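So the structure is just underneath, and the comments pick up after that.
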Amino acid sequence: MYKIMTPGPTSVPQNVIKARSMWFPNSDTDEDFIEDYHELCRQIAGLLHTENEVYIMDGEGILGLEAGCAALTEPGDRVLVLDNGIYGKGFADFVSIYGGVPVLYSSDYRNPIDADELRAFLEKDHDFKYATVVHCDTPSGMLNDVSAVCPLLKSYGILTLVDSVSAMFGAKLSVDDWKIDIACGGSQKALSAPSGLTLISVSPDAFAAIERRTAPIASFYCNLSVFRNYYKDKWFPYTMPASDIYGLKEAVRIVKEDSGRLKRHARIAAAVRKAVTGAGLTLYAESGYSPTVTVFNVPDGIRADDIIEIMRREYKILIGGSFGILSGKVLRIGHMGHNANTDDVSDTLDALDKTLRFLEFDIKNDMKTTFMASVGKANFGIY
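Position one of the sequence shown corresponds to residue 2 (our numbering), numbered consecutively onward.
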């Protein structure tokens with residue numbers, strides 16, 4: 002057993018674990034389950050500040066990203082892929098799979114997308130069916146300002162598909178006000194439920210684009226249109242994972258009752274950044290810091306894998322490395338959802354202090370002490 006302080010999956014509260022172990026109905030035939038599912042979708046819509054339809058799909062968060070691309074992409078469609086991180090660039094693969102033509106708008110991976118620079122690009126070329134945007138790029142800890150980017154895209158008639166898997170419920174997200182046509186989230190991040198479920202909101206404009214398609218969606222499992230009439234028909238396109246749904250229901254209840262969650266995430270994240278930099282480490286990003294994950298560079302002469310292994314073996318705490326171009330170069334501390342509390346974060350920083358000292362890194366200031374002085378003595382967690 003170890004404490005999970007990665008940027009997802011996060012640790013899961015006992016109440017959620019218990020909810021998943023209770024008796025549940027036949028999700029194929031029991032209309033009570035359909036009512037429960039529908040009500041849960043409406044509660045999630047409320048938390049996302051949207052009147053759009055929300056669906057819970059049986060698959061890890063990446064399912065929503067692919068489903069959004071599958072729904073909107075027809076062969077030959079030009080799709081604008083906003084690329085300022087590993088996940089942002091990754092959208093191009095989904096677009097290509099479904100026959101679209103991805104056009105990458107690539108910018109600095111250490112800073113968020115600049116809306117003014119994007120506007121200058123769009124003035125010259127805005128012939129795109131939709132654009133993909135990553136809210137929080139977890140590998141780098143980058144938070145893009147979708148409140149500025151998405152309305153700008155919509156002003157040019159471009160539909161918006163947002164990956165908010167690692168930000169949803171840990172950072173502000175106002176789907177309707179921010180003109181987001183498809184917003185994707187996952188159960189295993191700031192919701193602190195087990196991995197395995199996608200949350201996805203779909204706007205009327207997105208449905209209109211789906212209905213105008215001349216080519217069929219080249220998938221069944223990733224086909225958003227098969228969900229559209231589930232409530233009217235009292236029928237799901239495939240068997241829903243009832244125990245996972247009831248666990249999610251409890252996780253959503255916890256989020257709804259946690260009125261200070263966004264403030265807590267922001268305050269803890271700022272304190273972690275102050276502690277890390279005060280110790281002599283450097284952050285990967287230069288700006289646009291996420292409230293759900295902190296990413297810092299691995300010191301010269303030290304292996305990322307050694308830090309991870311020592312912390313897990315000696316202190317029973319797991320933090321994350323990264324992948325792709327950042328593999329072995331950075332480490333990631335997740336402070337989202339159930340993990341966004343001062344006790345767990347201070348224990349993590351204490352273990353990191355001790356591990357780095359063991360590896361002969363010169364710690365300038367004790368991270369746990371700096372963190373607690375910055376965040377205050379009160380435990381902002383509710384768990």
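C-beta: ideal position from N, C-alpha, C; glycine also. The structure presented is a predicted model; accordingly, all values stated were derived computationally and were not measured.
Which residues in the same chain as residue i place their Cβ atom closer than 7 angstroms to its Cβ, once the five residues preceding and following it in sequence are excluded?
i	result
residue 109	85
residue 99	70, 71, 74 and 219
residue 275	371 and 375
residue 97	103
residue 367	354
Rounded to a whole number of angstroms, what is the C-alpha to C-alpha distance between residue i and residue j?
i	j	result
residue 191	residue 113	21 angstroms
residue 57	residue 341	24 angstroms
residue 277	residue 167	21 angstroms
residue 244	residue 21	5 angstroms
residue 253	residue 95	29 angstroms
residue 128	residue 67	22 angstroms
residue 355	residue 233	58 angstroms
residue 281	residue 211	51 angstroms
residue 236	residue 52	22 angstroms
residue 347	residue 148	32 angstroms
residue 230	residue 172	31 angstroms
residue 115	residue 293	21 angstroms
residue 18	residue 105	41 angstroms
residue 144	residue 138	6 angstroms
residue 266	residue 344	14 angstroms
residue 188	residue 7	15 angstroms
residue 9	residue 309	15 angstroms
residue 124	residue 80	16 angstroms
DSSP has residue i in a bridge; who is on the other side?
i	result
residue 103	80
residue 108	Beta-bridge pairing links residue 108 to no other residue.
residue 169	172
residue 320	Answer is none; residue 320 lacks a bridge partner.
residue 239	In the DSSP output, where bridge partners are listed per residue, residue 239 has none listed.
residue 128	Residue 128 pairs with nothing; no bridge assigned.
residue 4	318
residue 138	143
residue 290	143
residue 284	297
Less than 8 angstroms between the CB atoms is what I'm expecting for residue i and residue j, so what's the real figure, rounded?
i	j	result
residue 311	residue 349	About 13 angstroms; that fails the 8 angstroms criterion.
residue 323	residue 333	6 angstroms
residue 194	residue 13	6 angstroms
residue 140	residue 87	4 angstroms
residue 338	residue 11	5 angstroms
Counting along the chain, where does the alpha helix (DSSP H) carrying residue i start and finish?
i	result
residue 253	243-258
residue 95	87-98
residue 202	That residue, residue 202, is in no alpha helix (DSSP H); its beta strand (DSSP E) goes 198-203.
residue 164	Here residue 164 belongs to no alpha helix (DSSP H); instead the beta strand (DSSP E) covers 160-164.
residue 45	32-48
residue 270	262-279
residue 357	343-359
residue 62	Residue 62 -> no alpha helix (DSSP H), and no H or E assigned at all.
residue 371	368-376
So the beta strand (DSSP E) residue i belongs to, where does it begin and stop?
i	result
residue 332	331-335
residue 57	54-59
residue 295	294-298
residue 131	131-135
residue 223	Here residue 223 belongs to no beta strand (DSSP E), and DSSP marks it neither H nor E.
residue 184	183-187
Grab me the residues of residue i's own chain with a C-beta within less than 8 angstroms of its C-beta, minus the 5 sequence neighbours each way, in chain order.
i	result
residue 227	221 and 238
residue 263	171, 172, 173 and 292
residue 152	179 and 180
residue 214	75
For residue i, collect the residues of the same chain with a Cβ closer than 6 angstroms to its Cβ; drop the 5 residues on either side in sequence, then sort them by chain order.
i	result
residue 78	101 and 130
residue 16	251
residue 305	299, 322, 329 and 332
residue 133	82, 92 and 162
residue 224	218
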